[in-house]
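Enquirer:
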Amino acid sequence: PCPPINVENPGNGFGAEFNAAGTCYGRKININYGAGGATQFLPGVKINAPYALYEATITFNNQQTAATPKVTEISCGGGLCAGATFEFINMDYADIKCEEYKGCGA
């Protein structure tokens, strides 16, 4: 398996897009907010390609004491979040959007 992807202390406005098929298949992606930070929001994660996050896990891990960041939106095209897992540790999220007819995927 591929090594995990670790994003440390991204600032306000950080976002991620997955645009190619199989881009992060089976990967563990950790977005970590350390104890000294004050980030308040992550505007979005967009999944735009089949299997881009299949069997992948994205963990949003907040250890900040000054702020609790919020993921504004996770956007899945029709069935494109199939097999993906999203974990929120000491964080919040506003919306997970899925395509109306196909849904997010199973």
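If you count the sequence shown from 1, you need to add 124 to reach my numbering. Think of the CB as a built atom: it goes at the ideal place given N, C-alpha and C, for glycine as much as any other residue.
Could you give the DSSP three-state label for Thr181: helix, strand or coil?
Expert: If DSSP states are grouped into helix, strand and coil, Thr181 belongs with the strands.
Enquirer: Let's test the definition: count the other Cβ atoms within 10 Å of the Cβ of Thr192 and tell me whether it reaches 16, buried, or not, exposed.
Expert: Exposed.
Enquirer: Classify Gly158 as buried or exposed, calling it buried when 16 or more other Cβ atoms lie within 10 Å of its own Cβ.
Expert: Flag for Gly158 reads exposed.
Enquirer: Use the C-beta contact count for Tyr178: other C-beta atoms within 10 angstroms, 16 or more gives buried, fewer gives exposed.
Expert: Tyr178 is buried by the Cβ-count criterion.
Enquirer: Given a cut-off of 8 Å, decide if Gly168 and Thr196 are closer than it, judged by their beta-carbon atoms.
Expert: Closer than 8 Å, so yes.
Enquirer: I'd like the span of the beta strand (DSSP E) that includes Glu141, first residue to last.
Expert: Run containing Glu141: Gly139 to Phe142, per the beta strand (DSSP E) assignment.
Enquirer: Between Ile155, Gly139 and Gly161, which has its C-alpha nearest Glu132's C-alpha?
Expert: Glu132 has its Cα closest to that of Ile155, out of Ile155, Gly139 and Gly161.
Enquirer: Tell me, to the nearest whole angstrom, how far the beta carbon of Phe184 is from that of Phe212; I am working on the premise that it is less than 8 Å.
Expert: That belief holds up - the Cβ atoms of Phe184 and Phe212 are roughly 5 Å apart, short of 8 Å.
Enquirer: I'd like to know whether the C-beta atoms of Tyr225 and Gly202 end up nearer to each other than 8 Å.
Expert: Contact: yes.
Enquirer: Between which two residues does the beta strand (DSSP E) harbouring Thr209 extend?
Expert: Per DSSP, Thr209 belongs to the beta strand (DSSP E) from Thr209 to Ile213.
Enquirer: Less than 8 Å separating the beta-carbons of Ala176 and Ala144?
Expert: Yes, Cβ-Cβ distance for Ala176 and Ala144 is below 8 Å.
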